[in-house]
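Okay, structure first, notes after.
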Amino acid sequence: MPSAKSARVAKSGHLRNLPLRTKAKTYVTRTRSAIEAGDAAAAEQNAKAAIVALDKAVQKGALHKANAARRKSRLMRQFNASKKKA
(Lines of atoms letter the chains of each structure in order from A and count residues from 1; the text may use other names and numbers.)
(Lines give C-alpha, C1' and ligand atoms only; values in the text may rest on other atoms or scores of the structure.)
Protein backbone atom coordinates (compact mmCIF):
# COMPACT_ATOMS: atom_id res chain seq x y z
CA MET A 1 0.00 0.00 0.00
CA PRO A 2 1.54 3.33 -1.02
CA SER A 3 1.98 6.09 1.45
CA ALA A 4 -0.56 8.90 1.46
CA LYS A 5 1.85 11.36 -0.12
CA SER A 6 2.95 9.07 -2.96
CA ALA A 7 -0.72 8.28 -3.69
CA ARG A 8 -1.50 12.02 -3.81
CA VAL A 9 1.43 12.72 -6.13
CA ALA A 10 0.53 9.82 -8.41
CA LYS A 11 -3.08 10.99 -8.60
CA SER A 12 -2.12 14.56 -9.46
CA GLY A 13 0.28 13.32 -12.15
CA HIS A 14 -2.41 11.08 -13.56
CA LEU A 15 -4.87 13.98 -13.72
CA ARG A 16 -2.25 16.20 -15.36
CA ASN A 17 -1.36 13.61 -18.03
CA LEU A 18 -4.87 12.36 -18.79
CA PRO A 19 -5.99 15.19 -21.11
CA LEU A 20 -2.78 14.96 -23.13
CA ARG A 21 -3.16 11.23 -23.69
CA THR A 22 -6.88 11.58 -24.40
CA LYS A 23 -6.31 14.28 -27.02
CA ALA A 24 -3.67 12.18 -28.76
CA LYS A 25 -5.88 9.08 -28.79
CA THR A 26 -8.83 11.12 -30.08
CA TYR A 27 -6.91 12.42 -33.07
CA VAL A 28 -5.50 8.98 -33.86
CA THR A 29 -9.03 7.54 -33.77
CA ARG A 30 -10.36 10.34 -35.99
CA THR A 31 -7.57 9.75 -38.48
CA ARG A 32 -8.25 6.02 -38.63
CA SER A 33 -11.99 6.66 -39.11
CA ALA A 34 -11.29 9.11 -41.93
CA ILE A 35 -8.92 6.60 -43.57
CA GLU A 36 -11.56 3.88 -43.44
CA ALA A 37 -14.19 6.27 -44.81
CA GLY A 38 -11.87 7.21 -47.68
CA ASP A 39 -11.79 10.92 -46.79
CA ALA A 40 -8.20 11.79 -47.65
CA ALA A 41 -8.41 15.47 -46.77
CA ALA A 42 -9.82 14.86 -43.30
CA ALA A 43 -7.38 12.00 -42.75
CA GLU A 44 -4.41 14.21 -43.60
CA GLN A 45 -5.62 17.04 -41.38
CA ASN A 46 -6.27 14.70 -38.45
CA ALA A 47 -2.95 12.89 -38.98
CA LYS A 48 -1.08 16.17 -38.65
CA ALA A 49 -3.04 17.02 -35.49
CA ALA A 50 -2.38 13.53 -34.09
CA ILE A 51 1.36 13.86 -34.63
CA VAL A 52 1.38 17.25 -32.90
CA ALA A 53 -0.67 15.89 -29.99
CA LEU A 54 1.58 12.83 -29.61
CA ASP A 55 4.72 14.97 -29.69
CA LYS A 56 3.26 17.34 -27.13
CA ALA A 57 2.34 14.44 -24.84
CA VAL A 58 5.94 13.20 -25.05
CA GLN A 59 7.28 16.67 -24.38
CA LYS A 60 5.11 16.97 -21.26
CA GLY A 61 6.01 13.47 -20.09
CA ALA A 62 2.57 11.92 -20.51
CA LEU A 63 3.81 9.33 -23.03
CA HIS A 64 7.13 7.60 -23.57
CA LYS A 65 8.87 8.74 -26.74
CA ALA A 66 9.06 5.21 -28.15
CA ASN A 67 5.33 4.74 -27.54
CA ALA A 68 4.53 7.92 -29.46
CA ALA A 69 6.96 7.02 -32.24
CA ARG A 70 5.31 3.61 -32.63
CA ARG A 71 1.85 5.17 -32.79
CA LYS A 72 2.95 7.77 -35.35
CA SER A 73 4.64 5.11 -37.45
CA ARG A 74 1.60 2.86 -37.51
CA LEU A 75 -0.72 5.76 -38.24
CA MET A 76 1.36 7.09 -41.13
CA ARG A 77 1.78 3.59 -42.53
CA GLN A 78 -2.01 3.23 -42.65
CA PHE A 79 -2.42 6.72 -44.09
CA ASN A 80 0.15 6.15 -46.86
CA ALA A 81 -1.36 2.76 -47.71
CA SER A 82 -4.77 4.39 -48.10
CA LYS A 83 -3.32 7.01 -50.46
CA LYS A 84 -1.86 4.28 -52.67
CA LYS A 85 -5.25 2.53 -52.92
CA ALA A 86 -7.07 5.67 -54.00
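If you number the sequence shown the way this note's numbering does, the last residue is 97 and the count never jumps.
Where is the CB? At the ideal position from N, CA and C, for every residue including glycine.
DSSP-derived helix/strand/coil call for Leu74
The answer is coil: DSSP assigns Leu74 none of H, G, I, E or B.
Tell me which residue opens and which closes the alpha helix (DSSP H) that Pro30 is part of.
Its alpha helix (DSSP H) spans residues Ala15 to Ala48.
Taking Thr42 and Leu86 to be in contact with their CB atoms under 8 Å, please state how far apart those CB atoms are, rounded to whole angstroms.
Confirmed, Cβ separation roughly 6 Å.
What residue from Lys96, Leu65, Ala92 and Lys94 has the CA that sits closest to His81's CA?
Checking the sequence, you will find Arg at residue 81 rather than His. Measuring from the Cα of Arg81, the nearest candidate turns out to be Leu65.
Looking at Ala68 and Arg32, is the spacing between their C-beta atoms short of 8 Å?
Contact flag set, yes.
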